[in-house]
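Adding 30 to a residue's 1-based position in the sequence shown gives its number in my numbering.
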Amino acid sequence: MDESRDSVPDVELNVSTASQGGHAVVTATGELDLYTAPRLQAALAGLLRGPVDRIVVDLAGVEFCDSTGMNVLLSAMKRIKEQGGSLELAAPRPAVKRILQVTGLDTVFTVTDDAAPALD
Numbered sequence: 031m032d033e034s035r036d037s038v039p040d041v042e043l044n045v046s047t048a049s050q051g052g053h054a055v056v057t058a059t060g061e062l063d064l065y066t067a068p069r070l071q072a073a074l075a076g077l078l079r080g081p082v083d084r085i086v087v088d089l090a091g092v093e094f095c096d097s098t099g100m101n102v103l104l105s106a107m108k109r110i111k112e113q114g115g116s117l118e119l120a121a122p123r124p125a126v127k128r129i130l131q132v133t134g135l136d137t138v139f140t141v142t143d144d145a146a147p148a149l150d
């Protein structure tokens, strides 16, 4: 019996995507960390396989983000730039914005205080 699963914190990250034309919005809510980052990574990887030139990641609902989460975002940004596109972070909460500032990633990512644009 694998008892290590009992020690994994019960944190949730919900990820939804919407795309129209070459634009996509990824909305994440919850905590973005070692345990939940693969969910966001899978959503971004799926979009990067398609014809997308702009991804906006809506972080308004993300309460916490650790280095694993930042690495997922950095990796996706690198891949979309290689394809000639862009990745933006929208409406990060103060705690996430602070991580971006402390790590210097606020100068690497395009970060907007506005909510992600709605796609019809």
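Idealized CB from N, CA, C, for every residue including glycine.
The three-state secondary structure of V86, taken from DSSP, is strand. The C-alpha of A75 lies about 17 Å from the C-alpha of Q50.
Residue range S97 to E112 is occupied by the alpha helix (DSSP H) that includes E112.
Residue pairing of A148 in beta bridges, as defined by DSSP: absent, with no partner found. T57 places its beta carbon 8 Å or farther from that of A125. Excluding its 5 nearest sequence neighbours in each direction, D136 has C-beta neighbours in its own chain below 6 Å: L130, listed in chain order.
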